[in-house]
Structures are given as C-alpha cells and as structure tokens.
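Protein chains in written order, with our numbering: chain A, 1 to 229; chain B, 230 to 599.
Built from N, CA and C at the ideal position, the CB exists for glycine as well.
Since the structure comes first, as structure tokens, the remarks are kept for the end.
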Amino acid sequence: MTLTLNDVTLTYPDGDASRLTALDAVTLSVAAGELAAVVGPSGSGKSSLLAVAATLVTPDSGVVLVDGTETGTLSRAEKAELRRDRIGIVFQQPNLLASLTAAEQLQVMAHLSGRKPREVRARALELLDAVGLADKAGRRPHQLSGGQRQRINIARALMNEPAVMLVDEPTSALDHERGAAVLDLLSGLTRERGVATVLVTHDRSHLEVADRVVRMEDGRLGAMSPSGV
Amino acid sequence: MFRGASATSLVHMFVAWRDLRFAKGRFALMGTVVVLITLLVGLLSGLTAGLARDNTVAVTSLPADRLAFAAPPDGQEVSFTNSSVGESAWRDWAKQPGVDSAEPIGIRTVNGWAGDRTVAVAAFGVEPGAKIAPASGDLGPGKVVLSTKAAEELNLAAGDTVRLGDVEETVAAVEGGAMYSHQPVVWTSLDDWQKLGHSGTSTEEQATVVALKGSADWAAGDKATETRSVPLGDSLAALASYQAENGSLQLMRGFLFAISALVVGAFFTVWTIQRSGDIAVLKALGASTPYLLKDALGQAVVLLTLGTLLGTALATLLGASIGGAVPFVLEAATLLVPALVMIALGIVGAALSIRRITAVDPLTALGSAR
Numbered sequence: 001m002t003l004t005l006n007d008v009t010l011t012y013p014d015g016d017a018s019r020l021t022a023l024d025a026v027t028l029s030v031a032a033g034e035l036a037a038v039v040g041p042s043g044s045g046k047s048s049l050l051a052v053a054a055t056l057v058t059p060d061s062g063v064v065l066v067d068g069t070e071t072g073t074l075s076r077a078e079k080a081e082l083r084r085d086r087i088g089i090v091f092q093q094p095n096l097l098a099s100l101t102a103a104e105q106l107q108v109m110a111h112l113s114g115r116k117p118r119e120v121r122a123r124a125l126e127l128l129d130a131v132g133l134a135d136k137a138g139r140r141p142h143q144l145s146g147g148q149r150q151r152i153n154i155a156r157a158l159m160n161e162p163a164v165m166l167v168d169e170p171t172s173a174l175d176h177e178r179g180a181a182v183l184d185l186l187s188g189l190t191r192e193r194g195v196a197t198v199l200v201t202h203d204r205s206h207l208e209v210a211d212r213v214v215r216m217e218d219g220r221l222g223a224m225s226p227s228g229v
Numbered sequence: 230m231f232r233g234a235s236a237t238s239l240v241h242m243f244v245a246w247r248d249l250r251f252a253k254g255r256f257a258l259m260g261t262v263v264v265l266i267t268l269l270v271g272l273l274s275g276l277t278a279g280l281a282r283d284n285t286v287a288v289t290s291l292p293a294d295r296l297a298f299a300a301p302p303d304g305q306e307v308s309f310t311n312s313s314v315g316e317s318a319w320r321d322w323a324k325q326p327g328v329d330s331a332e333p334i335g336i337r338t339v340n341g342w343a344g345d346r347t348v349a350v351a352a353f354g355v356e357p358g359a360k361i362a363p364a365s366g367d368l369g370p371g372k373v374v375l376s377t378k379a380a381e382e383l384n385l386a387a388g389d390t391v392r393l394g395d396v397e398e399t400v401a402a403v404e405g406g407a408m409y410s411h412q413p414v415v416w417t418s419l420d421d422w423q424k425l426g427h428s429g430t431s432t433e434e435q436a437t438v439v440a441l442k443g444s445a446d447w448a449a450g451d452k453a454t455e456t457r458s459v460p461l462g463d464s465l466a467a468l469a470s471y472q473a474e475n476g477s478l479q480l481m482r483g484f485l486f487a488i489s490a491l492v493v494g495a496f497f498t499v500w501t502i503q504r505s506g507d508i509a510v511l512k513a514l515g516a517s518t519p520y521l522l523k524d525a526l527g528q529a530v531v532l533l534t535l536g537t538l539l540g541t542a543l544a545t546l547l548g549a550s551i552g553g554a555v556p557f558v559l560e561a562a563t564l565l566v567p568a569l570v571m572i573a574l575g576i577v578g579a580a581l582s583i584r585r586i587t588a589v590d591p592l593t594a595l596g597s598a599r
C-alpha cells in the first residue's frame, strides 16, 4: 500500500482538562492508482485525517506510512521534504500564488526541490495540458476562472510526481458541472499516473468516480462501501 | 529519498522575484523611501564631512604627531580657546629625548581687512621657516601667507597688503587650503602673531599649542613642561565648536540610520503578514523554512541595494552640483560607507521582520480558512 494509516488517534485540547478526539483509531490503506473518497459531515474528522496523512499534524498514537516511510520519526525538515517529493496536496481553495503564472505555479514545486524551474517547464506544460489548460500557461490567478484555478491546483499537486495525493473538498467552490469535471479529472489522473489518492468531501455527488467510499463520523471510519454508495 | 536537502542551499529566488514584479507599486513606494533616506543620509554625510573639514583641516593637516596644550586645571579638558603656552614650554619640549621637532603655533581669530572687504580669519602664528606651515620660508616680519580661501574672500594676491587687527602685513604667498573653525587661515610669523592680541602679563613669548613630532616619553615631557600633550586626532576634542557641530550632525545621521532600519523593518513586517497565507501554502507544499527565509531576505536585499544605489547616485550628483556653494566632501567615505551602513541596517530590520515566517503554520493552508 502506498498510503497506510494504522490505528491512528488524534486529540486536540478542548477546554481546561478535556480533549476532543478528532481521529479515533483510524485505519486506512490506499494503493497506487486507487482513489479513496472519505465522506462525512463537517467536523467528522476528515480534515484531521488529511492533515495527519500530509504530515502537518503528528497523531497521538498510531502509524502513518507514506510510500514506505514511517512519518512518526521524521524531523520537521524531513516531513517538509516528504511533502515536497512524495505527497501532492490539492487544497480546498486553489491557494495559488498571486504573482505566479499558471506554469510558474507548477514550476515553483521543482524550485522547492532544488531543481531549476526552466528545466521542468516542459513537464509543467504537459501537466497543464493534462488538465486542459495548455493555453493558459501565462495567465495569473486573477485571469482564470474558479474551475481553471482548481485544475491548476490539481496539476501543481502532481508536479513532483507524488506517490500520494491528498485532496481536500475540491468541489466546494465549484458549481455542479464544474465539480463533476474536476472529480473526473482527479479520477483519471489517479489511475493514469498511479497515485494513491485520498479525497475528503462532504458532498456525496459524483462519488462514482471513486474506487471506494469510506464514511467518517465522529473521528471514526465507518464500513467501507463500494463506489457510489 | 530526501534529495531536496539541497533546496535549503539555494540562493536564488523564485517567488520573491515575481512578487517584486507583481507588487511593483508597493515595492516602488518602499524603494522610493529607501532612495530618499539614502539621499538624505548621503547629503548629510557629505555636509558633515565638509563642515568638519572646514572646522579642523588646519589642525588635522599639521605634520605633527601630537599637540601640547597648556595643562588645564584639575578636572578640565584641554582647549584651544583656553590654552596658552610660553616659550619655555616649546624650548623644553625640543630638549626632550625622542622629540624630533617642537614648533609653537599661535591661533587667534581676527578680522582681516583688504580694501572694502572684511573677513574673519584664523591667524596661525608660527616660527618663520618652520615646516608646519605652507611656504613658511616666505614668512617674516610684516609678511604673511594666505590660504587660498582667505585670498579669495579678501580678493588678494601675492604682493598685496592686508590688515590683521591693527597690524599691516604684506601677502608673501597664497598657498594651501587651511581652514580653522570655518575661517580661512592666514599664516603669520609668531612675532607678528603676538601683536594681534593681548599677551597677558607674561613677559615670555606666547603660543596656543606646541606641535610635536617624534616618539618620546610624552607623559614625562608633559610633566617637565607643565603641558598636556594629546595625539593630533584627539586634539579635535579641544575644539568646542567642532565637538558641538559634529556631535549634532552625527546624531542626526545616526537617527536617520535607525529610522531607515525601522521603516524597512515595518514594511517587511506588514509584507510578511500579508504573505502569511502564501507562506503557509508553500510550507504545506514542502518549502523549508530556510528556503522561505532566503527568498524573503533576498527580496529585501534587492530592494535595499537598488534603492540605496539610486539614492547614492542622486546624492553624488547633488553633492557635485552644490560642492562649490556649501562645504561638501564627495568621496567614498561620505557616500559609499553610509550606503553600505544603510543596506546592512536595512537587512537587519528586514531580517527581524521576516523571521515571523518561522511561526507560520502550514496547517492553515488546509481547510477553507484562506
């Protein structure tokens, strides 16, 4: 499995002495080329799951394996490196940098890894083409629509050829049609590029694109359901 | 697997360059502030050096190692104004082992008259032939050497007549650019200098200081001659007008440096706060904190360097154009050194501001918080 969470528990301080359980003994494995959707209401722990898998939060207990690396023992710098090289994050809001063009949004990922942006321009353009934005390479975020920004968000996540892609509510700011298109795109790229993708969402529509759907409630993962349930 | 370790060693910027171009209005505004402060600092530095030169060049250019003043009362410092040394002092200094030369110098401010012109001048009385004055071989009874500024202000040339106080003198030569206390220097013989003012009750010939050259036991010499000798550079402290003037100008310059560091720091504090969302995203995407700090600091260095260079260039042009009208020194020490200090202090200000990058939590990039 490319991404494995094994018996992961995460709690947050809640008041003076008590703690709120965000993740309660969560176990989840996602294989390369598989798209797993985690659905649940707001506050169910979906974002915490994503944060733990992205190494942005250290769980109280349990094991998180990303592409074979156990994240619990990594330093902060090593976690940053893991995110840079092995994890792609698709944010809920596109979170594009205002001063960068569409191509540069992707090239910056290479720069973070110590490579020259010029050397990876071809790959950036190829990814923009893959998300249907080849002709928008020179546009800045304010010159793009919401759907186009979200596509760049996805392309950026794939720039460093990650093993794992973590996708946070990618359709929340899009209309029904554009949301469906983005999920189709994610599904296609997951299989085409052999990435283990975890998609968290509260929106149950279009989940037929997922290989499986997992329900999350009160920090616990429910029974796995076949795609589209 | 962790090949990205080299990312922390990157010195080139990516996002920062593009931010500079994208937010050019904001950076142009800040750059203009840096240009103006640098211009002000450059002009003030040139003016400070120019005023200092006009105040002290007659002293600092003396070919001497030390100046011996009349020993002041206990608890007081030596002073050009209050110092008066008798002939025995310089005769005794000349006898001290290790002293190569001990030349008396009388310093007095008098009015110089030539035709319808009256100019306050600093009369420097020296022994004719003493190697501490320009064209000193031309000095003698009734013969003076004018500095070029004195000759210019009095409209005199060699062979003309000038009246110093009540004494009529002939201009033997015009040489040197000596200034003292913002007054042009007129070199006279020590004998004539005695006639320019009251010598008090002493029967001895008097002077203001003794210019000493050599490597002697200065403390022993001070004791033997009842004087206090100080290194030439330190003797400027005995010039009250210089101390007050230079102190005020240096204080202003110091404040400008501090203000520039604070302004740059404030700008980058606000800029970093505004960028904190982008910083969180970059961190979440895997940017290391050193990478982000270098990127931000590089941006500050570019802004400061460009602003300071432009400000210095403007100060140079302005200094060159006003140099004849006001005392202004246009040289590396008065332009490049302040520029480097500006950049260095600006970087310190920026560095203190952008360190808040370390506190940005990448977790904030997740969710709909942005």
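In the assembly as shown, P460 (chain B) is an exposed residue. Its beta-carbon has fewer than 16 other beta-carbons within 10 Å. Under the three-pair Cβ rule at 8 Å, the region 51 to 68 of chain A does not count as touching the region 211 to 219 of chain A. Contact of A513 (chain B) with chain A is assigned, a C-beta pair being separated by under 8 Å. Under DSSP, V200 (chain A) shares a beta bridge with A:V38 and A:D168. Taking W319 (chain B) as the centre and dropping the five residues before and after it, the same chain places the C-beta of A331, P333 and V439 closer than 6 Å to its C-beta, in chain order. Taking the Cβ atoms as the reference, D321 (chain B) lies roughly 11 Å from L441 (chain B), outside the contact range of under 8 Å.
For N284 (chain B), the uninterrupted alpha helix (DSSP H) segment begins and ends at K253 to T289. Secondary-structure assignment with DSSP links S418 (chain B) through a beta bridge to B:V355. Going by DSSP, F496 (chain B) is part of the alpha helix (DSSP H) stretching over A469 to L514.
Contacts with chain A at 8 Å (Cβ-Cβ) include S517 (chain B). Under the 10 Å beta carbon count, F309 (chain B) is surrounded by 16 or more other beta carbons and is classified as buried. Contact of R247 (chain B) with chain A is assigned, a C-beta pair being separated by under 8 Å. When 8 Å is used as the limit between beta carbons, L125 (chain A) is near no residue of chain B, the shortest such separation being about 17 Å.
The beta carbon of D507 (chain B) sits closer than 8 Å to some beta carbon of chain A. P567 (chain B) has a beta carbon lying at 8 Å or more from every beta carbon in chain A. At least one C-beta of chain B is nearer than 8 Å to the C-beta of E81 (chain A). In the structure shown, the three-state DSSP call for S330 (chain B) is strand.
Of all residues in the region 84 to 118 of chain A, only R84, D85, I89, F91, Q92, Q93, N95, L97, A98, S99, L100, E104, V108, M109, H111, L112, S113, G114 and P117 come within less than 7 Å of chain B when Cβ atoms are compared, listed by chain position. With a beta-carbon spacing of about 4 Å, S582 (chain B) and F497 (chain B) fall inside the 8 Å limit used to define contacts. Look at the beta carbons and you see the region 535 to 552 of chain B not touching the region 91 to 111 of chain A: under three pairs across the two are nearer than 8 Å.
The three-state reading of DSSP puts I361 (chain B) in coil, since its state is none of H, G, I, E or B. Considering only A:Q148, A:G138, A:G114 and A:N160, the residue with the shortest C-alpha distance to L521 (chain B) is A:G114. The beta carbon of A487 (chain B) does not come within 8 Å of any beta carbon belonging to chain A, so the residue lies off that interface. With a beta-carbon spacing of about 26 Å, V195 (chain A) and A25 (chain A) fall beyond the 8 Å limit used to define contacts. Residues of chain B with a Cβ closer than 7 Å to the Cβ of S18 (chain A) do not exist; the shortest Cβ-Cβ separation is about 22 Å. Close to chain B, meaning a Cβ-Cβ distance shorter than 9 Å, is no residue of the region 34 to 45 of chain A at all. Counting the other Cβ atoms within 10 Å of the Cβ of T456 (chain B) gives 16 or more, which makes it buried.
At least one CB atom of chain A sits nearer than 8 Å to the CB of V244 (chain B).
F251 (chain B) belongs to the set of residues whose beta carbon lies under 8 Å from a beta carbon in chain A.
Bridge pairing for N6 (chain A): A:V63 [DSSP]. In the three-state DSSP reduction, E217 (chain A) falls in the strand class (E or B).
Assignment of M408 (chain B) by DSSP, reduced to helix, strand and coil, places it in the strand class.
In the DSSP assignment, I152 (chain A) falls outside any beta strand (DSSP E) and lies within the alpha helix (DSSP H) extending over G146 to L158. In its chain, beyond the 5 residues on either side, V30, A31, A32, D67, A163, V164 and A196 have a beta carbon closer than 7 Å to the beta carbon of T2 (chain A). For R247 (chain B) against S99 (chain A), the beta-carbon gap comes to about 4 Å, under 8 Å, which counts as contact.
In this structure, the straight-line span from the alpha carbon of Q528 (chain B) to that of L189 (chain A) is close to 36 Å.
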